[in-house]
Amino acid sequence: MDSQAPDRDRRFFLLASAVAASGAVVALIPSCEQPQGLKRPRNASASQSGSSSGSSSAAPAANTPTKLSPRAQAEKDAAEAAAAAEAEAKRKQQAPTERPIPPTSEPAIRIKSGGLPKSEPLAPSSSSQGAKSRVRIEGPGPSIWIIEPDAGRPGTVAAGPVDFEWTTSGWKVTELAGTREAATVAVPPYATLEIMALRNEPQQLRVYGSDWPGKVRLVLQRDDPREPVDIVHEVPMETYLAGVIAKELFNGWGVATHRAQTVAARSYALCEMAMWKGRRHYDVVAGEQSQAWIGTTKHERSLNAVAHTRGQVLLFDSRVVPAYYSSCCGGERAAARDAISGSIMHDIAPLSVTGSDGRDCCSWAPTYRWKSRVDLATFARALPAWARNEGYASLLKVDGVRRVDLLERNAAGRPVRFRITDAKGASYEVTAERLRWALNADPRDPALLRPSKDRVKSANFEALISGRELVLAGRGHGHGVGMCQYGAEAMSKKGAKEAAILSRYYPGAKVVTAYT
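See below:
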C-alpha cells in the first residue's frame, strides 16, 4: 500500500477527521476538494469556545416574525431546504474520529477493481473484449444472475458469456456474446447492476478473462466523465485476504511474514470498511491506493496464512488498529500522523515513532537506497497546479524553486518537514510526504501520477539542487508507516514468529481473534 496512490476521497476524509475533534470547520479553496486548514465558523466570534453566543440586538425578536410575500416565502423555504440537504450531506460525509470495534462474525468487503468508460459510437476494438467500454462476465456454469439491487424486482438469468456495455443510452447487455446466438438482454438502462453466479454454484465470476471471487456490481457514477461505471466486487473478508497476501508478498517469503501480513491486512481492511460505511459504494481499491489484490488465488502459503490467522486483528484500547504497511522503510519508520494524516485515529502508540530500535532489517531490499533526478523547471511549473488540484492553498503562490531544505526529522531520523524557497525568496513549509506527492504528480495532468519508474519512491530523502535538476538521495519505498515488508521477512529468516514481527512494527497492539 502507498499513501501516494491517488485515492483522493480517502485523503479528504482522513484530513477531515483530523480536525473533527476541535470543532473547527475545514476550509476549502475554490475548485479544490482537499482541506487546506482550519478556520473559525463564519458566525463564531473570537471568544466563542463551543457555547452559543448571546442574541444580537440587530436580529428581529423571536415573537415578531417578518411577513414575507408568497414568492419571497417560497424562495426562503427553498433556500432552507437546500441548506438542510447540504447539512445532511456534510453530516454523512464527516469522517469518523474513532477506530472500529472488532466484528463478531466474518464481514464482506467491497473492492473497486476498475472502471468502465462510456462507449463512443465508433469506438475501436482494442481486444477480443471489443470496445474498452465493455466488460465480459462469465459464471462457473452456463448462466449468470443479473439483478438491480434494492429494486424489489426479480432478476434475469442470462446465458454466458455476457457483455455489459455502457453507452450514451444506458446499458447494452448481450448474452451469448461472441456467438451466432448473441441476443440483447433487457435491463433497466440507468441502473446499478449486480451480477453473481447461480445458486448452488461456486460463488465466483470470470471478469476480463480472470477469476474473481464473490459478486460484481456495476455502479453508475454520472459525475465522472472519464469512467461513469465503477466495477466493484463484494467478497467475504477471508476470501479477499488470500488474494491480497498472494499479491503483496513474494511467494517464496517466510510463513511468519505471510501470517503477520495477513493480520495487518485484515486490520487495515476492517478500518477502511468502517470509514466508508454509508459514505461511498466501495471500501478499498484493488491496488496500491489500498491493498494489492489478485482476486482468486491458489497460492498455498497465502491460503494457509489466512486460514491459520482467521479472524485475528490488531487491537489497541479495544479497537482495531489501521495497520498500515509499506515495502521498505529504509531503516527509518514514519509515524502515521506525519505520513498519512493528522487524524485522531492515528494518534496511538502502535502507529507512532518514539525512536530508532537499532535493528535495520531492510538493508537487503533493492530500494533501501536510491537516487532520483527531477527537472527543476518542470517541477516548479507543476507545483502550483498540483497544489490547486489537491487543495493546498499555501503552495499556490510558489514562483520557481531556488532551494529545498530539510527542516525536521522524527525520532527515528526520517524527514518530516521541508522548506521550499522560491525565486522571489519567499518560503513555504511542506510535509515530507506531501512534497513527495507533488514531485510525483504528472506535469501534464496533476490529478495523475508519473509512470512508476519515474516516481520518487519515498519521502525519506535529502534534496540538493544541482544545475537544472533537483537531485534526491533517498531510502526506502512507500510511506514507511507500520510494518516494513522487507524488514518483516528479514526477521522471519532469522526465526522470528508472526507475533514478534507484529510486536515490533505495531508496539502496544494486541493480536485478538475477533471471529472464528
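Those letters in the sequence shown? Residues 1106 to 1621, per our numbering, in order.
Even for Gly, the Cβ is constructed at its ideal location relative to N, Cα and C.
Computed from a predicted structure; not experimentally measured.
Residue of G1592, V1390, K1529 and E1495 minimising C-alpha distance to R1507:
Nearest of G1592, V1390, K1529 and E1495 to R1507, Cα basis: K1529.
ask   = Quick one, are the C-beta atoms of E1461 and Q1590 less than 9 Å apart?
value = Per the sequence shown, the amino acid found at residue 1461 is Ser instead of Glu. No. Outside cutoff.
Excluding five sequence neighbours on each side, which residues of the same chain lie with their C-beta closer than 8 Å to the C-beta of R1486?
Cβ within range, chain order: P1548.
Exercise for review: Step through the CB atoms of chain B and report whether any lies within less than 9 Å of the CB of P1259.
Suggested key: Of the protein chains in this structure there is only one, and it is not chain B.
Quiz prompt | Helix, strand or coil at A1528 [DSSP, three-state] | solution = coil
- [ ] Kindly indicate which three-state DSSP category V1503 falls into: helix, strand or coil?
- [x] coil
So, at 7 Å on beta carbons, what are the nonlocal neighbours of L1420 in its own chain, with the 5 sequence-adjacent residues on each side left out?
The beta carbon of L1420 lies closer than 7 Å to those of P1207, V1426, A1614, K1615 and V1617 in the same chain, with the five residues before and after it left out.
Checklist entry - Do you know whose CA, among A1296, M1380 and G1265, lies nearest R1285's CA? => result G1265
Comparing alpha-carbon positions, which option in P1259, S1210 and L1575 lies nearest P1341? Looking only at P1259, S1210 and L1575, the smallest Cα-Cα distance to P1341 is reached by S1210.
_Quick check on M1106: does DSSP put it in helix, strand or coil?_
coil
- Per DSSP, cross-strand counterpart(s) of E1513: R1522
- request: State the start and end residues of the unbroken alpha helix (DSSP H) segment that holds F1421.
  value: It is not in any alpha helix (DSSP H) - F1421 instead sits in the beta strand (DSSP E) that spans Q1417 to F1421.
Paired residues, beta bridge with S1248 - DSSP | A1264
### Message
Considering only DSSP beta bridges, list what F1269 is partnered with.
### Response
V1240 and V1278
| task | Please confirm whether T1402 and K1320 have their CB atoms less than 9 Å apart. | result | no
inquiry  = Is the beta carbon of F1523 closer than 9 Å to that of A1546?
reply    = no
Inset, instruction - Identify the continuous alpha helix (DSSP H) that holds M1378 and give its terminal residues. - result: That run of the alpha helix (DSSP H) goes V1360 to W1381.
Between the alpha carbons of A1444 and N1494, how many angstroms are there, rounded? When rounded, the distance between both Cα atoms is 19 Å.
Inset, instruction - Specify the secondary structure class of P1135 as computed by DSSP and reduced to three states. - result: In this predicted model, P1135 has a pLDDT of only 32, less than 50, meaning its place in the structure is not dependable; the value taken from the coordinates is given anyway. The answer is coil: DSSP assigns P1135 none of H, G, I, E or B.
| Under the rule that 16 or more other beta-carbon atoms within 10 Å means buried, what is E1339, buried or exposed? | buried
**Prompt:** What residues are listed by DSSP as bridge partners for F1566?
**Reply:** G1579
Please report the straight-line C-alpha distance between V1458 and R1474, rounded to a whole angstrom.
If I take the Cα positions, the gap works out to 21 Å.
Coil, strand or helix - P1489 by DSSP: If DSSP states are grouped into helix, strand and coil, P1489 belongs with the helices.
Can you give me the C-alpha to C-alpha distance between G1581 and S1563, rounded to a whole angstrom? 6 Å
- Query: Over what stretch of residues does the alpha helix (DSSP H) that includes V1411 continue unbroken?
  - Reply: E1405 to H1413
So, helix, strand or coil for N1148, using DSSP? In this predicted model, N1148 has a pLDDT of only 35, less than 50, meaning its place in the structure is not dependable enough to derive any value.
DSSP on L1298, reduced to helix/strand/coil? strand
> What residue range is occupied by the uninterrupted alpha helix (DSSP H) comprising D1480?
Replying inline: Unbroken run through D1480 is the beta strand (DSSP E), R1474 to D1480; no alpha helix (DSSP H).
How should I1214 be labelled, buried or exposed, when 16 other C-beta atoms within 10 angstroms of its C-beta is the threshold for buried?
-> buried
Please go through the same chain and pick out, in chain order, the residues whose beta-carbon is closer than 6 Å to the beta-carbon of D1510, but skip the five residues on each side of it.
R1524
Does the region 1351–1366 come into contact with the region 1597–1608, if we say contact requires no fewer than three beta-carbon pairs (one atom in each stretch) closer than 8 Å? yes
**A1578 versus T1472: straight-line alpha-carbon distance, rounded** = 11 Å
State the start and end residues of the unbroken alpha helix (DSSP H) segment that holds Q1590.
In the DSSP assignment, Q1590 falls within the unbroken alpha helix (DSSP H) covering Q1590 to K1598.
Local conformation of I1350 per DSSP, three classes: helix
Using 9 Å as the threshold, is the C-beta distance between E1253 and G1260 below it?
yes
Report task. Consult DSSP for A1256 and reduce its assignment to one of helix, strand or coil. Result -> coil
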